[in-house]
Each structure stands twice: as C-alpha cells, then as structure tokens.
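>
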Amino acid sequence: MALGEPKHAERYCGKLAPSIDCYCNQAADVYEAYGLQRAGVSSLLNPGMAKATVRAAARGHVQGKATGDVKMLPGTFIVDTQGIIRYAYYSSHAGDHPDLLELTEKFSVNAAS
1194 MALGEPKHAE RYCGKLAPSI DCYCNQAADV YEAYGLQRAG VSSLLNPGMA
1244 KATVRAAARG HVQGKATGDV KMLPGTFIVD TQGIIRYAYY SSHAGDHPDL
1294 LELTEKFSVN AAS
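Residues 1194 to 1306, numbered by our numbering, are exactly what the sequence shown covers, in order.
#1: Indicate whether Asp1262 and Leu1196 have their beta-carbon atoms separated by less than 7 Å.
#2: Hey, out of Leu1296, Tyr1282, Ala1287, whose CA is closest to Tyr1227's CA?
#3: In angstroms, rounded to a whole number, what distance separates the CA positions of Gly1233 and Leu1293?
#4: Write down the C-beta distance between Leu1296 and Ile1271 rounded to the nearest angstrom, noting that I regard them as a contact closer than 8 Å.
#5: Indicate the three-state DSSP secondary structure (helix, strand or coil) for Cys1215 in the structure shown.
#6: Please classify Val1272: does DSSP put it in a helix, a strand, or coil?
#7: When the Cα atoms are used, what is the spatial distance from Ala1221 to Ala1251?
#8: Out of Pro1291, Gly1207, Pro1211, state which residue places its alpha-carbon closest to the alpha-carbon of Ala1245.
#9: Taking C-alpha atoms, which residue in Thr1260, Gly1257, Ser1284, Tyr1205 lies nearest to Met1242?
#10: Return the first residue and the last residue of the alpha helix (DSSP H) that Tyr1205 is part of.
#11: So, Arg1231 versus Lys1264, is the Cβ gap smaller than 7 Å?
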C-alpha cells in the first residue's frame, strides 16, 4: 500500500515485487486505519534514518519529487484473501523497511492457499 497515485504503485511495485499486488490511496485514511503514524522529530533524527540514507545513496538511489504526505511513516502488511493480516511491520523512520525478498519467500507458500 502506498500513499499517492496508482501510477506510482504500478511503477515501483512492478520493479520491487512483481509477484504481489500493491495498492495505492491518495488519502491517509487507510494508513490511520492500520495504525501508522506521521513522523515526528524522533524519527527524523533516528540514527537508522541516516544509515538508510547512506545505504540508498551508495546503491545509486536518490530522492525524487516527493508525493503524498512526506511525514507519513511507512508500514508493510501482508493480508490474505480473507482479509486477515498475516504480517505487520511498522517502520520507525522513512528508510525502515523489511526485506521484501525474505517476505515473499516466507509467505509464498501461503499465497496460493
């Protein structure tokens, strides 16, 4: 799930996780329903944020034009076909994400059932 326009989810999900469905919403109501928070000073000054920034830059990733609410913290959720949340990850800063390859491997068996 992403905060922004569907074209953004299409572009990035297709590159990062082509085997899963990604959804996008232009309002923050779904983020709030899942309990995600907006960044405060503590998340902006989080040492992990600096590490994530350096790691991304070293891999050639640079910040483009931001869309949506730039202070909304990310989260990752795996929801099964019955709507049950099987996995929830609440990020402590903007660069805090679980390993997508690890998640797709872990949950690929359950995806067909």
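Just so it is clear, CB atoms sit at the ideal spot from N, CA and C, and this is done for glycine as well.
Taking the definition as stated:
#1: yes
#2: Tyr1282
#3: 26 Å
#4: 7 Å
#5: coil
#6: strand
#7: 31 Å
#8: Pro1291
#9: Ser1284
#10: 1199 to 1209
#11: yes
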